[in-house]
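The numbering used here puts the sequence shown at residues 1 to 70. The structure appears right after this line, and notes come after that.
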Amino acid sequence: MAEKLPIHSLAASLESERLKEIEALAAKGGTPSADALQRLAILQAALVAVREEIDAHSVGLGGGSGEPLA
C-alpha cells in the first residue's frame, strides 16, 4: 500500500467537510441560502484541485509509469 501523504489527508478532510455541508443543507430543507451554496462551492473547488494534483503527481508519488516497459 502506498504511503499516506499529507495531501491525501487534506483530500479526506475536504471530503468530510463537503459531506457535512451537504447533510446540513439537506436537513434544513427548502431553498439553500447563497452563503451556504458558496461554502459548498468553495469546498468542492478545493477538493477538485487537490484531487487533480494527486492525479497529476501520482507517477511521482510512486504510482509508476503509464507507459509499458517493453
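Just so you know, even glycine gets a beta-carbon here, dropped at the ideal spot from N, CA and C.
Item                                                                                                                                                              : Value
Hey, residue 38 and residue 18: beta-carbon distance below 8 angstroms or not?                                                                                    : no
Determine the direct distance from the alpha carbon of residue 21 to that of residue 29, and round the result to whole angstroms.                                 : 13 angstroms
Just mark residue 14 as buried or exposed, buried being the case when its beta carbon has 16 or more other beta carbons within 10 Å.                              : buried
Grab me the residues of residue 7's own chain with a C-beta within less than 8 angstroms of its C-beta, minus the 5 sequence neighbours each way, in chain order. : 50, 53, 54
My assumption, with CB atoms under 8 angstroms, is that residue 47 sits in contact with residue 24. Please give the rounded CB distance.                          : At roughly 17 angstroms, the Cβ-Cβ gap does not stay under 8 angstroms, so residue 47 and residue 24 are not in contact.
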